[in-house]
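Quick note on this note's numbering: the sequence shown kicks off at 447 and runs consecutively.
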Amino acid sequence: MKSLIRWLKPLWLPMLAFALAVPGAAPAQTVIRIAVPDTSAGPKPAGGGIVDVIYANKLLDKAFAKQGVELRWTFFKGAGPAINEAFANGQVDLAFLGDLAAVIGRANGLDTRLIAALARNVNGFLAVTPGSGIADLRALKGKQVAVFRGTALQLSFDSVLRAEGLAERDLRVVNLDPNAAAAALAARRIDAVWGSASVFVLRDKGLADVPVSTKGRRGVGTLKAGLVASSAFLRAHPELARTVVKTVVEASQWLSDKRNFDAFIALESQQGNIAPSIWRNELTADDLSVVFSPLLDRYYVDAFKQDVRTAKEAGLIRRPFDVDAWIDRSYVEAALRELNLGAHWQAYESFGKPGNAL
447 MKSLIRWLKP LWLPMLAFAL AVPGAAPAQT VIRIAVPDTS AGPKPAGGGI
497 VDVIYANKLL DKAFAKQGVE LRWTFFKGAG PAINEAFANG QVDLAFLGDL
547 AAVIGRANGL DTRLIAALAR NVNGFLAVTP GSGIADLRAL KGKQVAVFRG
597 TALQLSFDSV LRAEGLAERD LRVVNLDPNA AAAALAARRI DAVWGSASVF
647 VLRDKGLADV PVSTKGRRGV GTLKAGLVAS SAFLRAHPEL ARTVVKTVVE
697 ASQWLSDKRN FDAFIALESQ QGNIAPSIWR NELTADDLSV VFSPLLDRYY
747 VDAFKQDVRT AKEAGLIRRP FDVDAWIDRS YVEAALRELN LGAHWQAYES
797 FGKPGNAL
């Protein structure tokens with residue numbers, strides 16, 4: 447036997463070296479690194495919406511159970527800017543990401559693709575100190591306003607300001623995350639906060655008025671989120687990406703069903719310590735199939751094109767980029783075919799205007 451091993455050794459060592467060197471012979475991916483901005487108001491991590499449906503119900507764990515794939519979730523308190531840094535350092539494969547962070551990352555050279563929609567038409571709100579007399583955006587001139595820079599909230603705020611001929615330079619803008627901003631407003635250390643529907647918690651406690659929002663502005667300033675993937679990950683492991691997107695579409699289907707609205711609000715309360723009033727001020731059951739559509743339809747893509755223009759004009763990015771080349775619809779389209787959900791969501795051409803164009 448020893449003599450046989452000695453005879454074979456010169457053969458199998460070169461064969462092993464050749465196998466390791468052959469393109470495409472890389473070992474199977476065993477870990478998928480997923481990044482999420484942490485929006486939780488409690489001890490458990492949360493990302494809101496579809497992310498929480500997937501994470502709390504371990505849907506990806508179930509989808510990959512037979513493949514031996516480990517899911518490594520990281521919830522970033524630093525939100526989009528921190529996630530972009532992780533992408534740049536090669537530490538993230540996929541991210542559930544808000545619109546501005548996704549735009550900034552791509553504009554700054556991150557080799558990513560946008561492969562599924564997660565949310566759209568999410569409103570922004572202006573909370574002000576009670577009795578301040580601030581009733582519109584123009585009344586903010588010279589006032590101290592908190593915005594979470596580098597996130598979808600900043601792009602939302604800049605969009606509504608620009609629509610009224612204003613810019614951040616007309617105000618005294620301070621960079622605070624939502625929790626710090628809420629505390630500062632409650633203590634009257636600032637005049638206003640541009641935030642999500644979470645500001646209604648302050649209003650319900652008598653600590654804020656909410657005089658302005660993106661509602662009634664035909665989508666101007668509304669927030670979006672999408673699933674962004676490293677191009678290297680997509681090239682190396684398209685089958686894993688297909689499974690992730692299929693799971694996203696399944697979660698979108700559940701969340702789009704108005705019969706699940708109360709269950710979703712209960713999940714958000716349990717997972718992210720989000721007060722039920724927050725979602726009820728933001729959504730009705732009838733909104734779900736629009737807000738949580740996974741379609742990369744014309745309206746969604748055109749809204750990102752407008753985001754790029756707004757970000758460039760506001761000085762948030764230096765270089766625009768081709769949004770059409772950034773979008774990859776193949777993963778959502780494959781999931782819709784496999785799940786027989788091709789007609790489940792209405793595509794939109796523009797805000798509030800249904801259409802067949804994707």
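A virtual CB, placed ideally from N, CA and C, is assigned to each residue, including glycine.
Give the DSSP-derived three-state secondary structure of arginine 584 in the structure shown. helix
Less than 9 Å separating the beta-carbons of leucine 506 and alanine 675? no
Sorted by chain position, which residues of the same chain lie with C-beta nearer than 8 Å to leucine 583's C-beta, five sequence neighbours on each side aside? Leu572, Val606, Leu607, Glu610, Leu612 and Val658
Within the 9 Å Cβ cut-off, does leucine 631 reach chain D? Judged by its chain identifiers, the structure shown contains no chain D, having just a single protein chain.
What residues in its chain sit with their C-beta under 7 Å from that of alanine 467, if we drop five residues either side in the sequence? Residue confidence is low: alanine 467 scores 43 on pLDDT, short of 50, so the model does not pin down where it sits. Its coordinate-derived value is still stated next. So no residue of the chain qualifies.
I'd like the list of long-range same chain contacts for alanine 627, defined as Cβ closer than 6 Å, with 5 residues on each side in sequence excluded. Ala592 and Val639
With DSSP as the reference, label tryptophan 791 as helix, strand or coil. coil
Other residues of its chain near valine 736: CB distance less than 7 Å, five sequence neighbours each side excluded: Asn567
Does the beta-carbon distance from glutamine 590 to isoleucine 636 come in below 9 Å? yes
Considering Cα atoms alone, identify which of Leu673, Gly718 and Arg765 is closest to aspartate 545. Leu673
Once the 5 residues before and after glycine 667 are set aside, which same chain residues still bring their CB inside 6 Å of it? Gly570, Ser602, Ser605, Val606 and Thr660
Note down, in chain order, each residue of its chain lying with its Cβ closer than 7 Å to the Cβ of alanine 528, except the 5 sequence neighbours on either side. Phe522
For leucine 686, is the beta carbon positioned less than 8 Å from some heavy atom of the ligand FAD? With respect to the ligand FAD, the structure shown offers nothing to examine, as it has no ligands at all.
Within a Cβ cutoff of 6 Å, which residues of the same chain sit near alanine 671, ignoring the five residues on either side of it in sequence? Gly544, Leu564 and Ala565
Cβ pair glutamate 795, glycine 801 closer than 9 Å: yes
Beta-carbon separation of glutamine 716 and alanine 502 under 9 Å? yes
Taking just the CA atoms, how far does alanine 581 sit from phenylalanine 646? 16 Å
Decide if asparagine 530 is buried, meaning its Cβ has at least 16 other Cβ atoms within 10 Å, or exposed. buried
Let me check understanding here. Comparing Cα to Cα, which of Phe797, Ala697, Arg552 and Asp650 lies closest to leucine 669? Phe797
I think proline 624 touches glycine 596, with their Cβ atoms under 8 Å apart; what is that distance to the nearest whole Å? 13 Å between Cβ atoms; not a contact.
Can you tell which of Ala509, Val690 and Ile550 has the C-alpha that lies nearest to the C-alpha of phenylalanine 750? Ile550
Going along the chain, which residues of its own chain have a beta-carbon closer than 7 Å to the beta-carbon of alanine 534, five neighbours each way excluded? Leu556
Length-filtered (4 minimum) alpha helix (DSSP H) runs lying within the stretch 585-650: 598-609, 624-632 and 645-650
Would you call the CB atoms of aspartate 650 and valine 574 closer than 9 Å? no
Near glycine 470, what residues of its chain come up, given a Cβ to Cβ distance below 6 Å and the 5 sequence neighbours on each side ignored? Bear in mind that the predicted position of glycine 470 carries a pLDDT of just 46, short of 50, making it unreliable; the figure below should be weighed with that in mind. Excluding positions up to five away in sequence, the list is empty.
In the DSSP assignment, find the unbroken alpha helix (DSSP H) run with asparagine 503 in it and report its ends. Looking at the DSSP string, asparagine 503 is not in any alpha helix (DSSP H), and its letter there is neither H nor E.
Measure the C-alpha to C-alpha separation of threonine 558 and glutamine 699 and round it to an integer number of angstroms. 25 Å
Quick one: what's got a C-beta closer than 7 Å to threonine 756's C-beta in the same chain, skipping five residues either side? Leu601, Asp604, Ser605 and Arg608
What are the start and end residues of the alpha helix (DSSP H) that includes phenylalanine 533? 525-534
Is it right to say aspartate 484 is buried, meaning 16 or more other beta carbons lie within 10 angstroms of its own, or is it exposed? buried
Are there 16 or more other CB atoms within 10 angstroms of the CB of valine 694, so buried, or fewer, so exposed? buried
Give the secondary structure of threonine 660 by DSSP, where H, G and I count as helix, E and B as strand, and everything else as coil. coil
What three-state label does DSSP hand threonine 693 in the structure shown? helix
Can you find the residues in the same chain that come closer than 6 Å, C-beta to C-beta, to glycine 494, ignoring five residues on each side of it along the sequence? Thr485
From asparagine 554 to phenylalanine 679, what does the alpha carbon distance come to, in whole angstroms? 19 Å
Three-state secondary structure (DSSP) at glycine 672? strand
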